[in-house]
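Student: Here it is, the structure in full.
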Amino acid sequence: MEIGFIGLGSMGSAMARNLVAAGHRVRAWNRSGGAIEGVAMLGAPAEAFDADAVMTMLSDDAAIRSVILDAGVLAAARPGLTNVVCSTISVAFARELAAAHERAGIGFVSAPVLGRPDVAAKGGLNVLVGGAPAAIDHVRPLLEAIGSRIWPLGDEAAAANAAKIAVNMMIAMAIEAMAEAVVLTEANGLPRAAFFELILGTLFGSRPYQSYSANIAAGSYAPGFKAELGLKDLRLAREAAGSAGRTLPMLDAAHARMAEAVAAGWGQLDWSAIAKFTLESGSRLGSAPAERLSA
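Here it is, written out as structure tokens:
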């Protein structure tokens, strides 16, 4: 297939390489330029929409709105094109995008992914998919090129975005849970390495616990998924909960803790730096005023 690609950050670059390796012709636009072997670089995002499909991997709602909606590129898209948005975006904006694509007469699929850049490089992402069955079928070869498993989540595109936000919320809660458990166990003479060996070998052996317990054990928070992006995703979760008229107290607490970590100057560190904040500050979860922590 002829693929347009928008957004070549660490995740997007890995995905674009896998599309090339799968035999697709990929032409890409990136706000900060750059080059990838086998990918033809474009001068404007509108050029990416002269393709069979577009894969969009920009950072947030505002970036997608600016590059796609405000620039009016949908009106000039090739007939029959489907746009696959893999970004983590708000539920409300996913609905807005779906409506805008429908008005333009082109397909839209929400396909946020689970996995970090190292997983993306291996083509091992879990792809959460929402949208019309015909649109999904059209881009299935692309989804298979970037992921190890595709998870169909229904005809409503926004359902996939709600699932992605919920998963990220749960990961943040898991990181904070591990940090608080270490505070408790170390205060009673148990080294954190021994505690992590226990939990990973019994009840908590999933990938998030494996990955982030390693960060906590080593006291190393080199950027993977940045804390400022984690804060953004927790804000999206709070917005989605609020729109549904629901109160999620654990989410509010995790958002407050992530906001504290970012306010401490750790926004560019991995989002597991919320554990660093808990371990170093000794403050109770959610101790700072909620109005100061909004983001």
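Start counting the sequence shown at 101; every next residue gets the next number (my numbering).
For each residue, glycine too, the CB sits at the ideal point set by N, CA and C.
Whole angstroms are fine: how far does the CA of alanine 258 sit from the CA of arginine 195?
Tutor: Taking the straight line from one Cα to the other gives about 6 Å.
Student: In whole angstroms, what is the alpha-carbon distance linking alanine 272 and isoleucine 236?
Tutor: 30 Å
Student: On the criterion of 16 or more Cβ atoms from any shown chain inside 10 Å, does leucine 284 qualify as buried, or is it exposed?
Tutor: exposed
Student: Kindly indicate the opening and closing residues of the alpha helix (DSSP H) around glycine 330.
Tutor: 327–343
Student: Can you list, in chain order, the residues of its chain whose CB lies under 6 Å from that of tyrosine 312, leaving out five sequence neighbours each side?
Tutor: Ile275 and Ser372
Student: Run through the DSSP bridge pairs and tell me what leucine 225 is partnered with.
Tutor: Gly247
Student: Roughly how far, in whole angstroms, is the beta-carbon of leucine 142 from the beta-carbon of alanine 128, given that I think they are within contact range, below 8 Å?
Tutor: 6 Å
Student: When DSSP builds the beta bridges, which residues end up paired with methionine 157?
Tutor: Methionine 157 is not bridged to any residue.
Student: With a threshold of 6 Å on Cβ separation, who are the neighbours of aspartate 213 within its own chain once the five nearest residues in sequence on each side are excluded?
Tutor: According to the sequence shown, residue 213 is valine rather than aspartate. Result list for valine 213: Cys186, Leu225 and Val227, in chain order.
Student: Between valine 362 and glutamate 328, how many whole angstroms is the CB-CB distance? I'm expecting something under 8 Å.
Tutor: Indeed, because the Cβ distance is near 6 Å, the residues count as touching under 8 Å.
Student: Report the rounded CA-to-CA distance for isoleucine 211 versus arginine 240, giving the unit in angstroms.
Tutor: One point to set straight first is that residue 211 is alanine, not isoleucine, in the sequence displayed. So the two alpha carbons sit approximately 11 Å from each other.
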